[in-house]
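Going down the list, the protein sequences come from chains A and B. According to the working numbering, the residues represented by the first sequence are 2 to 320, in order. According to the working numbering, the residues represented by the second sequence are 2 to 320, in order. One structure is given below, encoded as structure tokens.
There are 2 protein chains.
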Amino acid sequence: MKYYIGFDLGGTKVVAAALDEKFNILSRSKEKAGADKGTDAVYEVICSVIKKACEEANIILDDVVAIGGCAPGLVCPKTGLVFDTPNLGFKNFPLRQKLEDDFKVPVIIENDVNAGLYGELKFGAAKGFENVIAISPGTGVGGGVVINGKPYRGSMGGAGEFGHIIVQPDGPLCGCGQRGCLETLSSRTAISMQLASFSIRGRIPMIAEAANGNLKKIKSGLIAKAYNSGNKDTKTIVHHAAKYLGVGMAGLVNCFNPEAVILGGGLIEALPEPFTSISAKVMREQAMGNMGDIPVKEAQLGDDAVIIGAAQLAKEAEA
Amino acid sequence: MKYYIGFDLGGTKVVAAALDEKFNILSRSKEKAGADKGTDAVYEVICSVIKKACEEANIILDDVVAIGGCAPGLVCPKTGLVFDTPNLGFKNFPLRQKLEDDFKVPVIIENDVNAGLYGELKFGAAKGFENVIAISPGTGVGGGVVINGKPYRGSMGGAGEFGHIIVQPDGPLCGCGQRGCLETLSSRTAISMQLASFSIRGRIPMIAEAANGNLKKIKSGLIAKAYNSGNKDTKTIVHHAAKYLGVGMAGLVNCFNPEAVILGGGLIEALPEPFTSISAKVMREQAMGNMGDIPVKEAQLGDDAVIIGAAQLAKEAEA
Numbered sequence: 002m003k004y005y006i007g008f009d010l011g012g013t014k015v016v017a018a019a020l021d022e023k024f025n026i027l028s029r030s031k032e033k034a035g036a037d038k039g040t041d042a043v044y045e046v047i048c049s050v051i052k053k054a055c056e057e058a059n060i061i062l063d064d065v066v067a068i069g070g071c072a073p074g075l076v077c078p079k080t081g082l083v084f085d086t087p088n089l090g091f092k093n094f095p096l097r098q099k100l101e102d103d104f105k106v107p108v109i110i111e112n113d114v115n116a117g118l119y120g121e122l123k124f125g126a127a128k129g130f131e132n133v134i135a136i137s138p139g140t141g142v143g144g145g146v147v148i149n150g151k152p153y154r155g156s157m158g159g160a161g162e163f164g165h166i167i168v169q170p171d172g173p174l175c176g177c178g179q180r181g182c183l184e185t186l187s188s189r190t191a192i193s194m195q196l197a198s199f200s201i202r203g204r205i206p207m208i209a210e211a212a213n214g215n216l217k218k219i220k221s222g223l224i225a226k227a228y229n230s231g232n233k234d235t236k237t238i239v240h241h242a243a244k245y246l247g248v249g250m251a252g253l254v255n256c257f258n259p260e261a262v263i264l265g266g267g268l269i270e271a272l273p274e275p276f277t278s279i280s281a282k283v284m285r286e287q288a289m290g291n292m293g294d295i296p297v298k299e300a301q302l303g304d305d306a307v308i309i310g311a312a313q314l315a316k317e318a319e320a
Numbered sequence: 002m003k004y005y006i007g008f009d010l011g012g013t014k015v016v017a018a019a020l021d022e023k024f025n026i027l028s029r030s031k032e033k034a035g036a037d038k039g040t041d042a043v044y045e046v047i048c049s050v051i052k053k054a055c056e057e058a059n060i061i062l063d064d065v066v067a068i069g070g071c072a073p074g075l076v077c078p079k080t081g082l083v084f085d086t087p088n089l090g091f092k093n094f095p096l097r098q099k100l101e102d103d104f105k106v107p108v109i110i111e112n113d114v115n116a117g118l119y120g121e122l123k124f125g126a127a128k129g130f131e132n133v134i135a136i137s138p139g140t141g142v143g144g145g146v147v148i149n150g151k152p153y154r155g156s157m158g159g160a161g162e163f164g165h166i167i168v169q170p171d172g173p174l175c176g177c178g179q180r181g182c183l184e185t186l187s188s189r190t191a192i193s194m195q196l197a198s199f200s201i202r203g204r205i206p207m208i209a210e211a212a213n214g215n216l217k218k219i220k221s222g223l224i225a226k227a228y229n230s231g232n233k234d235t236k237t238i239v240h241h242a243a244k245y246l247g248v249g250m251a252g253l254v255n256c257f258n259p260e261a262v263i264l265g266g267g268l269i270e271a272l273p274e275p276f277t278s279i280s281a282k283v284m285r286e287q288a289m290g291n292m293g294d295i296p297v298k299e300a301q302l303g304d305d306a307v308i309i310g311a312a313q314l315a316k317e318a319e320a
């Protein structure tokens with residue numbers, strides 16, 4: 002038997018899974034990334050979760066034929082160099098080279114949203130499409146692009162930075178230094194900060210109780226709970242974010258003319274409605290001609306998408 | 002000898018050229034499109050300029066091995082169906098099929114900006130790039146995309162509608178029904194209408210004299226003349242358009258992460274400065290990370306780009 006490893010290096014945790022030839026997930030292993038201990042420590046965590054995923058699946062490393070992993074940020078898929086992951090402190094880190102040296106198998110490293118979209122393309126919501134884009138509102142807003150059935154990365158692995166298309170000039174300040182980037186209006190962070198500011202002024206008691214003003218505690222589940230309770234302020238805030246997601250989608254549709262838009266990430270999982278319908282409506286109104294008359298679909302594979310997508314890319318590279 | 006025909010179906014005129022195997026242009030033939038006489042009449046003009054281009058080059062139709070043409074608007078490159086060209090009235094017009102029936106050679110039909118960018122890629126300013134975008138501010142703002150060395154058209158031929166990415170919500174009303182589309186701020190039309198409004202109020206005498214309030218008469222050459230005369234209002238107006246072109250470019254760079262941006266069209270030819278430098282500066286400031294540190298180049302081939310690009314695509318399809 003041949004086995005594959007997929008791993009997802011996230012901002013806070015590393016997850017690895019062992020897959021068999023039919024891409025059944027045999028095991029999942031998870032550890033905190035521990036970015037505060039430095040990049041070498043993060044690398045040790047990656048190695049550790051890979052080994053644990055093998056152990057839990059009862060397979061030996063010699064039977065692993067390829068490893069596919071992803072990192073959040075600018076990654077060069079040709080060299081596997083992780084240029085820049087702001088949340089992890091990686092700068093030009095030769096992740097692929099190091100893993101190939103240590104595990105003696107071919108390794109590919111992909112940007113996380115691209116890997117996730119590729120997973121959805123092969124096994125999930127994007128199955129059957131040739132040209133498709135993915136948007137993932139979370140801490141920021143991630144983006145992925147598939148063109149002619151393959152991930153499109155641009156010249157330096159930076160294509161699909163949809164969080165930083167400007168949808169409201171002079172809008173809220175963005176971490177990138179600009180104003181009005183899509184992620185300042187449609188990310189979970191954008192929603193959380195508005196909910197927090199309302200909650201500390203005595204509005205939205207449910208949020209006030211659960212988070213006590215702490216932005217970090219206003220996660221997707223809590224946002225969904227407040228929304229579904231019928232709280233009017235939460236509704237206004239969430240609808241505004243969904244509307245601007247649609248504005249961004251319309252611009253992207255005019256650029257890429259895709260067959261579908263896939264929405265993914267924890268916020269969309271928690272609140273598929275109203276995000277899908279409001280953003281789709283605005284997209285259809287604002288896109289050129291009938292280019293907006295395309296399906297807007299929720300991702301199906303959840304957190305597994307990136308692992309499966311990365312493993313699939315590794316499998317294809319190894320074949 | 003093998004010969005190729007390239008033609009450019011524009012909003013007001015049709016140009017055809019005969020090319021030899023080395024892609025030397027042997028002849029050029031031009032006629033008014035005559036869109037007011039209906040699409041059949043326009044089709045006859047296309048046939049007529051193709052024949053004339055052959056005559057002028059002293060070649061017989063039997064020696065033409067392929068025809069490549071382009072149309073301004075939504076074109077399906079697979080079927081050669083011209084879905085929609087607002088300025089010509091074409092709706093689902095089977096241009097490729099009709100030409101193949103009449104000329105008995107393989108025909109390809111491409112969107113004009115895509116064809117132009119492909120011409121620049123093979124023989125002009127974009128030579129050597131794999132992933133590159135083109136922006137062409139004119140009556141509207143056209144866009145072209147090359148990915149992995151080939152034109153990227155999206156699912157219905159509509160990719161690259163860069164004129165309709167929104168750069169200023171609640172900005173000027175656009176023909177597409179939205180507000181603040183790139184072409185409402187950075188097209189030649191956007192500049193002309195502001196110059197016209199100033200000129201009828203006694204400002205910018207050079208424009209007032211030449212155009213007498215008629216928007217149609219404020220063409221790229223006149224804009225350049227007023228700009229180069231040092232007229233302050235013209236400068237303000239042109240710089241504003243160039244700035245928003247840069248805002249649009251930054252968004253596109255975040256989406257496509259190209260190796261270069263090519264600026265083309267009559268307005269850029271007339272005023273390469275300040276368009277190139279101002280738009281590049283804004284793009285570099287606003288694009289994510291160092292993705293904006295890429296060349297912004299003027300197109301080199303002028304009106305020939307579309308003809309050469311379309312003929313090259315026809316040559317490749319025929320080979």
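Here a beta-carbon is modelled for each residue, glycine too, at the ideal position from N, C-alpha and C.
When CB distances to chain B are screened at a threshold of 8 Å, the residues of the region 258-272 of chain A falling below it are 258, 259 and 260, in chain order.
Counting along the chain, the unbroken beta strand (DSSP E) around residue 299(A) starts and ends at 297-299.
Within its own chain, the residues whose Cβ lies closer than 7 Å to the Cβ of residue 49(A), once the five positions on either side in sequence are excluded, are 32, listed in chain order. Contact between residue 117(B) and residue 306(B) holds: their C-beta atoms lie close to 4 Å from each other, under 8 Å. Rounded to whole angstroms, the gap between the alpha carbons of residue 34(B) and residue 44(B) is 9 Å. With respect to the C-alpha of residue 236(A), the residue from 161(A), 274(A), 267(A) and 258(A) having the closest C-alpha is 274(A).
Linking residue 192(B) to residue 186(B) through their CA atoms gives a straight-line distance of about 8 Å. The beta-carbon distance between residue 100(A) and residue 12(A), rounded to whole angstroms, is 19 Å. This is too long to meet the 8 Å contact definition. When DSSP states are grouped into helix, strand and coil, residue 273(B) belongs to the helix group.
DSSP places residue 37(A) within a helical segment (H, G or I) once states are collapsed to three. When the alpha-carbon of residue 243(B) is set against those of 282(B), 308(B), 175(B) and 155(B), the nearest one is in 282(B). Chain order gives no chain B residues near residue 152(A), where near means a beta carbon separation below 9 Å; the closest approach is about 12 Å.
Interface criterion not met: the Cβ of residue 57(A) is under 8 Å from no Cβ in chain B. The alpha-carbon separation between residue 234(A) and residue 97(B) amounts to approximately 55 Å. Shown here, residue 312(A) sits in a helix according to DSSP, grouped into three states. Unbroken beta strand (DSSP E) stretches of 3 residues or longer found wholly inside the region 139-206 of chain B: 142-148, given in chain order. The three-state reading of DSSP puts residue 248(B) in helix, counting H, G and I together. Using a Cβ-Cβ cut-off of 8 Å, residue 256(B) counts as an interface residue toward chain A, since at least one Cβ of chain A sits closer than that to its own. In this structure, residue 229(B) keeps its C-beta atom at 8 Å or more from the C-beta atom of residue 207(B). Residue contact check for residue 248(A) against chain B: a CB pair falls below 8 Å.
Against chain A, the beta carbon of residue 223(B) has no neighbour under 9 Å; the closest one sits roughly 29 Å away. For residue 112(A), none of the residues of chain B pass the 7 Å Cβ criterion, the least Cβ distance being about 11 Å. Beyond the five residues adjoining it in sequence on each side, residue 26(B) comes within less than 7 Å, by CB distance, of 18, 20 and 305 in the same chain, given in chain order. For residue 132(B), the CB contacts under 6 Å within the same chain, skipping 5 residues up- and downstream, are 148, 259 and 260 in chain order. About 11 Å separates the beta carbons of residue 24(B) and residue 302(B), which is beyond the 8 Å limit, so they are not a contact pair. For residue 111(B), the uninterrupted beta strand (DSSP E) run begins and ends at 108-112, by DSSP. With contacts defined by Cβ atoms closer than 8 Å, residue 159(B) and residue 184(B) do not form a contacting pair. In the DSSP assignment, residue 71(A) forms a beta bridge with 9(A) and 111(A).
Shortest Cα-Cα distance from residue 284(A) to any of 94(B), 199(B), 166(B) and 69(B) involves 166(B). The Cβ atoms of residue 221(B) and residue 189(B) lie closer than 8 Å to each other. Just so you know, the alpha carbons of residue 219(B) and residue 195(B) end up roughly 10 Å apart.
In this structure, DSSP gives residue 242(B) a helical state, which the three-state scheme calls helix. In terms of CA proximity to residue 7(B), 112(B) leads the group 95(B), 38(B), 112(B) and 80(B). Burial check for residue 174(A): the Cβ neighbour count within 10 Å stays below 16, so the residue is exposed. Annotation: the continuous alpha helix (DSSP H) that includes residue 225(B) extends over 221-229.
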